[in-house]
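A short worksheet on the structure shown next.
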Amino acid sequence: MTSLHIKDEPMPTPIASGSGSGSGSSIGVATNGHAKRPAKPSLPANSDDSSDDDDDDKPLAKRPKVEEESDLSSDSDSDVPLTSTVSSQNGVKKQEDDDDDDDDDDDSDDDSDAPLTATVKKRSDSGSAGDDDDEEEEEDDDGGDDDNDDDDDDDDDDKPLSRTAKSNRKPPKTMSITGSGEKKWDVLVHKGPRFPDPYQPLPKGVKLKYDGKPVDLPPETEEVAMFYAVKIETQHAQNPIFNRNFFDDFTADLKKFPPRDGTQIKSFDKLDFRDMYNYWRSLKDAENERKKALAPSARKREIEARKVEENTWKICLVDGVEQRVGNVNVEPPGLFLGRGAHPKAGKVKRRIYPGDITINHSAKHPAPSPPPGLGDWAEVVEKKDVTWLAYWKENINGQYKYVFLDATSNFKTNSDREKFEKARKLDTVVKQIRRDVNKNLKSKVRNERQIATIVWLIDNFSLRAGNEKGEDEAETYGVCSLRCEHAQVKMPDTIHLEFLGKDSMKFEEDLKITNPDVFKNITMFLKTNGMKDKSGNYVRKKPNDPIFCAPGDSAAGKMQPLQPNAVNTFLSKYMKGLSAKVFRTYNASVTFQGLLEQTEEWLKSRPNKAEREINQTNLRLAYNEANRQVAILCNHQKTVNPMLLNRNLERTQEKIFQIRYEIMKEQQKILTFHKIGELKKEFKAKEFPFMKQFDLIMQKQELDADKVKEYEERLISDKKAKLESTFKRQQSEVQYQLEQKGVASEDGTKKKGKKAKDVEEEVRSSIKGFKDKKQVDDELKALSETAKRLEKERKTNKSQAASCNFASSAKKILGKHDMIRKQEAELVNKNNTSDVALSTSKLNYIDPRITLAWLKQWDDRLVDMGLGKNAAGKKKAVKKEEEEEEEDVKPAKKGGKKGGAAAAAGKKAKTGTANSTGDSEKMELGLQVMNISQFFAASLQKKFKWAASGDDGRDISARWVFVKDAQGKMRKLDSAERKGQDGGSMVAMTDAAETSEVKQRAANGTLKPQTAADKKRSQPLKAVDKAEEKESDSSMSSDSDSDDDKPLAAAS
1 MTSLHIKDEP MPTPIASGSG SGSGSSIGVA TNGHAKRPAK PSLPANSDDS SDDDDDDKPL
61 AKRPKVEEES DLSSDSDSDV PLTSTVSSQN GVKKQEDDDD DDDDDDDSDD DSDAPLTATV
121 KKRSDSGSAG DDDDEEEEED DDGGDDDNDD DDDDDDDDKP LSRTAKSNRK PPKTMSITGS
181 GEKKWDVLVH KGPRFPDPYQ PLPKGVKLKY DGKPVDLPPE TEEVAMFYAV KIETQHAQNP
241 IFNRNFFDDF TADLKKFPPR DGTQIKSFDK LDFRDMYNYW RSLKDAENER KKALAPSARK
301 REIEARKVEE NTWKICLVDG VEQRVGNVNV EPPGLFLGRG AHPKAGKVKR RIYPGDITIN
361 HSAKHPAPSP PPGLGDWAEV VEKKDVTWLA YWKENINGQY KYVFLDATSN FKTNSDREKF
421 EKARKLDTVV KQIRRDVNKN LKSKVRNERQ IATIVWLIDN FSLRAGNEKG EDEAETYGVC
481 SLRCEHAQVK MPDTIHLEFL GKDSMKFEED LKITNPDVFK NITMFLKTNG MKDKSGNYVR
541 KKPNDPIFCA PGDSAAGKMQ PLQPNAVNTF LSKYMKGLSA KVFRTYNASV TFQGLLEQTE
601 EWLKSRPNKA EREINQTNLR LAYNEANRQV AILCNHQKTV NPMLLNRNLE RTQEKIFQIR
661 YEIMKEQQKI LTFHKIGELK KEFKAKEFPF MKQFDLIMQK QELDADKVKE YEERLISDKK
721 AKLESTFKRQ QSEVQYQLEQ KGVASEDGTK KKGKKAKDVE EEVRSSIKGF KDKKQVDDEL
781 KALSETAKRL EKERKTNKSQ AASCNFASSA KKILGKHDMI RKQEAELVNK NNTSDVALST
841 SKLNYIDPRI TLAWLKQWDD RLVDMGLGKN AAGKKKAVKK EEEEEEEDVK PAKKGGKKGG
901 AAAAAGKKAK TGTANSTGDS EKMELGLQVM NISQFFAASL QKKFKWAASG DDGRDISARW
961 VFVKDAQGKM RKLDSAERKG QDGGSMVAMT DAAETSEVKQ RAANGTLKPQ TAADKKRSQP
1021 LKAVDKAEEK ESDSSMSSDS DSDDDKPLAA AS
């Protein structure tokens, strides 16, 4: 028997970052333009690279070679460490592409700074010049555009190069950009990528200061200094690592382009960027004021002109058909921000030139021309078996950036659908995989045990497979690359894992290992790799040795981690293209579906009555809770921005205060004109249902008097400011239109005469809500009177209104209590998801059809409850449609009525393809109550428009499922239980609610004994046909057949 040794080929050398050694000093915090030196902070020992992109985003390196080695003996299945023998059956015969790092969100948005020039010329594209106050922008997990996350696309055919064996970082002798050989297109014509504007030097009077004196920098280093200047008011400037890395790169640039006045810059804490920041801020403020002063028509014309210009870049031809391109912008230079505790934060991202870019274009058509004066493209190729239009390599992490078609293109939509269909197909073989994994956990061949243990962990805890990192990369880990120092055994059945995962996000969990073979294997793998030294003793592992070692004699040298491709090779035996990340997609989607199926039970388990109501607000809470748990399951974390979180909290609390204030004013009116006793006599609950909540209506609002005064004064002030601003804007609009019609000049001079007056009157009347100076003055005066009235009401606690309609005020108050509940629910949602990246799982791991089917299901339910428009009509139509679908649609003999109607119904049903045609980027689901925009932002609707059609091509049904019996196949949710609300996870809460209900019924004597039929119905259904059950009975011995459908964690 022979074992296989994987010989890693070297990798291409990353482009130099341009950073030098710098001063090596420890850099502190810049708070007011000057940096302060802390007490020598050092880089975190476990810091690592956040930008560990999926292989689908990486150029391809030469495939690793496979070499045979001599046979190694194996030991018996005992506590004695297993040898590194590889069986011929499961040995690695063909090196697969590393398919791991799966859910990376492209850093092009998160990490990019605006082109930090001295101008404020903006573009609207998401990947171009971003706002440098990015930390101050409100985050919205669901609102961002598709982040070019192609990491879950399993085929690497679209990618020019790959980085399979990363332990060697030397460049290979040859590099290939060959795809799979399958032709994707015949003709591809586009304009190439769009470059950021060149840097504009600062005015002579604006300088960087060093030790209090201005420094005359050349443009090359002045631009780098400006990168930092715009960050001094952000949290990044509080990060010593960010400051140190910037200063190292800055001093390296100063050696190439030194100050023209001879200043020697040696200390970061003597640098003062305040004047540069103030100048940049003034430009941004001036631009904002310019936009505010623009006439609406002029602003609209600017936007339309920009869109026209963008469309020239955004449109390409694929086989003669116009298709939109995704992000065409080359990422501008700036400072790398990173995510998590990134050790490279603050390093300078260099400007990309045409010489760095490879273009993919039809040879028969002229290739796009690079901008004049910037040189030629690195290469122009015609690769018809790939779908990228251009790519280049950035200097920070050596990652490859791509220009792809838009999310709505055929290439992308087909890729997304195929990815989720592959995960659905896994459901047909997952039982066999789990059986074999359980069997291999006891194998006498160490490598088989290792792979089985890894697959068990990936399957049960949705962990990433992981990659080995090169010396020039930050250390992030997955299962395959875990070191012994990352794991701690806690008897009798728990493994504590603590390591930096993807994007340098910390993973720290106590994993309860319910399979004793897995626990035994991990314990053994932590001790030794199964090899003996010259003395015949087993080689003991050190803390930095990998838990799962690659096969081969590593006793004398450094132990190498098992490569993820070995796991993927094992999995691909069961299904073509099956890899570790397909398991993550499968588990995430199955778990999400299973959680959503428990929506009603979850609502019943909520702590108060309002939260238990079935309405759109509470359904959204339930949906987000399920999304949150799947995100935690997949370790989709995000860095919490305390400033942003606090601001969101303050905004919500301010909204709640405003609503409570409005309730107080309505109550004040009621108490001024009515007496409580008289109201109760006059308005009986039988005639006026709102009186059942009279106590709530009159519940006193405890509001601070000073805050009420401040709020009312600000309310009046804001209304006045808005009125004046609207007046100015309308006057600007009149002036602009008169100029366009030739009856006024730019200096404001208007032509005289009847025709000019008629034109001006026509323009005024065309402006919606136009008010002249007298009307505005009257309204301002009325607001001043309102301020006096409010002041009097505060003093007397009596309303100054003329009258009060109690019924109207009562209904208003109840409506505002509903608004408070919605705001409080939103606050809970924000708090629960502040450190969880919900959008990552939505974009990459959860089949969007699960969401759409759930929305349709609950929309129908709400309509049945009478909450939708034309509810009765829709309910009747839905029932009729379901009855028609159940009939055998066959034409009746000689055109019988029933058969003809059924045939017509069948024909009508087949035309239900509202989403298969049309140019709209929104999904057409026909929802009456549920609002899809609250669950899928416009960008997601655009990306997943294909999902609105079911398996049969018709509009997706409310009964569509990702897999059958999802609740019986869900993953363990221990993490979500601990990190969630006090009530725990959705599963835990619904279980608790059911237990509580049973106890209550038992106490009341209403709990009936459970019959055999009840017990049978209460068991999870299995997606197993009779043939499979018979095969299972005959083939399995001591291992329980019933566990095959369940996660391995549930198997004993």
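In the UniProt record's numbering, the protein residues as written are 1 to 1052. Built from N, CA and C at the ideal position, the CB exists for glycine as well.
Do Leu511 and Cys484 have their beta-carbon atoms positioned less than 7 Å apart in this structure? In this structure, Leu511 does not lie closer than 7 Å to Cys484 by Cβ.
At what residues does the beta strand (DSSP E) containing Trp185 begin and finish? Premise fails: Trp185 is in no beta strand (DSSP E) and is neither H nor E.
Excluding the five sequence neighbours on either side, which residues of its own chain have a C-beta within less than 6 Å of the C-beta of Ile352, listed in chain order? Closer than 6 Å at the Cβ level, and outside the excluded window around Ile352, lie Val330 and Trp392.
Distance, Cα to Cα, Asp818 vs Gln934? In a straight line, the C-alpha of Asp818 is about 18 Å away from that of Gln934.
Which residue marks the beginning of the alpha helix (DSSP H) containing Val759, and which one marks its end? If you look at Val759, you'll find it in the alpha helix (DSSP H) that goes Lys754 to Ser766.
Give every residue of the same chain whose Cβ lies closer than 7 Å to the Cβ of Arg260, excluding the five residues on either side of it in the sequence, and list them in chain order. Short of 7 Å from the beta carbon of Arg260, and not among the five residues preceding or following it, lie these beta carbons of its own chain, in chain order: Asp216 and Pro218.
Local conformation of Ala837 per DSSP, three classes: Residue state, collapsed to three classes: coil.
Of the choices Thr617, Asn544 and Phe806, whose alpha-carbon is the least far from that of Glu682? Residue Phe806 is the option with its Cα nearest to Glu682.
So, for Thr523: in the same chain, excluding its five sequence neighbours on each side, which residues have a beta-carbon less than 6 Å away from its beta-carbon? These residues qualify, in order along the chain: Val489.
Please name the residue, chosen from Gly536, Ser572 and Asn521, that lies closest to Cys549 on a Cα-to-Cα basis. In this structure, Asn521 is the residue among Gly536, Ser572 and Asn521 with its C-alpha nearest to the C-alpha of Cys549.
DSSP on Gly530, reduced to helix/strand/coil? Here DSSP, grouped into helix, strand and coil, assigns Gly530 to strand.
Separation of Glu650 from Lys707, as counted between CA atoms: Cα to Cα, the separation comes out at about 14 Å.
Where the alpha helix (DSSP H) through Pro219 begins and ends: Its alpha helix (DSSP H) spans residues Pro219 to Ala229.
Three or more C-beta pairs below 8 Å linking the stretch 832 to 841 and the stretch 628 to 648: As far as the Cβ criterion goes, the stretch 832 to 841 touches the stretch 628 to 648, which means the pair count is three or higher.
Got a sec: is the Cβ-Cβ distance from His361 to anything in chain D below 7 Å? Included in the structure is just one protein chain, with no chain D present.
Going by DSSP, name the residue or residues bridged to Gly334. Answer is Lys349, bridged to Gly334.
Under the three-state DSSP convention, the category Leu482 falls into: Look at Leu482 here: in three-state DSSP terms it is coil, with no helix or strand label.
Just checking Lys752 against the ligand ADP - is the residue's beta carbon closer than 6 Å to any of the ligand's heavy atoms? Among the ligands in the structure shown, none appear at all, so the ligand ADP cannot be discussed.
Does the Cβ of Arg540 have 16 or more other Cβ atoms within 10 Å, making it buried, or fewer, making it exposed? Its Cβ having fewer than 16 others within 10 Å, Arg540 is exposed.
Whole-angstrom distance between Glu924 and His674, CA atom to CA atom: Those two C-alpha atoms are separated by around 50 Å.
Apart from the five residues on each side of it in sequence, which residues of its chain come closer than 6 Å, Cβ to Cβ, to Arg606? Excluding sequence neighbours, Arg606 sits near Arg612.
Whole angstroms are fine: how far does the CA of Arg350 sit from the CA of Asp272? Approximately 23 Å, taken between the alpha carbons.
With C-beta atoms as the reference, is Ser415 less than 7 Å away from Gln323? No, the pair does not count as a contact, with Cβ atoms beyond the cut-off.
In chain order, each beta strand (DSSP E) run of at least 3 residues that lies wholly inside the stretch 599 to 634: Within the stretch 599 to 634, no complete beta strand (DSSP E) run reaches 3 residues.
Taking Cβ to Cβ, would you say Ala580 is nearer than 7 Å to Ala487? Against a cut-off of 7 Å, the Cβ pair of Ala487 and Ala580 comes out as no contact.
Can you round the beta-carbon distance between His361 and Glu394 to whole angstroms, since I take them to be within the 8 Å contact cut? Not quite, the Cβ-Cβ distance comes to about 22 Å (not below 8 Å), so this is no contact.
Can you find the residues in the same chain that come closer than 7 Å, C-beta to C-beta, to Gln432, ignoring five residues on each side of it along the sequence? Closer than 7 Å at Cβ, skipping near neighbours: Tyr574.
So, using beta-carbon positions, are Ile663 and Gln701 closer together than 7 Å? Contact: yes.
Assigned exposure category for Asn515 - 16 Cβ within 10 Å defines buried: Looking at its Cβ environment, which holds 16 or more other Cβ atoms inside 10 Å, Asn515 is buried.
DSSP three-state assignment for Thr387, whether helix, strand or coil: In the structure shown, Thr387 sits in coil (DSSP, three-state: anything other than H, G, I, E or B).
Between Val224 and Phe242, is the Cβ-Cβ spacing less than 7 Å? Using a Cβ distance threshold of 7 Å, Val224 and Phe242 do not count as a contacting pair.
Given 8 Å, three or more beta-carbon pairs between the stretch 363 to 377 and the stretch 189 to 209: Here the stretch 363 to 377 lies against the stretch 189 to 209, with 3 or more beta-carbon pairs under 8 Å apart.
Alpha-carbon spacing of Ser939 relative to Ile932, whole angstroms: For Ser939 and Ile932, the distance between alpha carbons rounds to 12 Å.
What first and last residue would you give for the beta strand (DSSP E) that runs through Asp510? From DSSP, the beta strand (DSSP E) with Asp510 extends over Lys506 to Lys512.
Using a threshold of 7 Å, state whether the C-beta atoms of Leu723 and Glu678 are closer than that. Result no, Cβ atoms of Leu723 and Glu678 do not sit closer than 7 Å.
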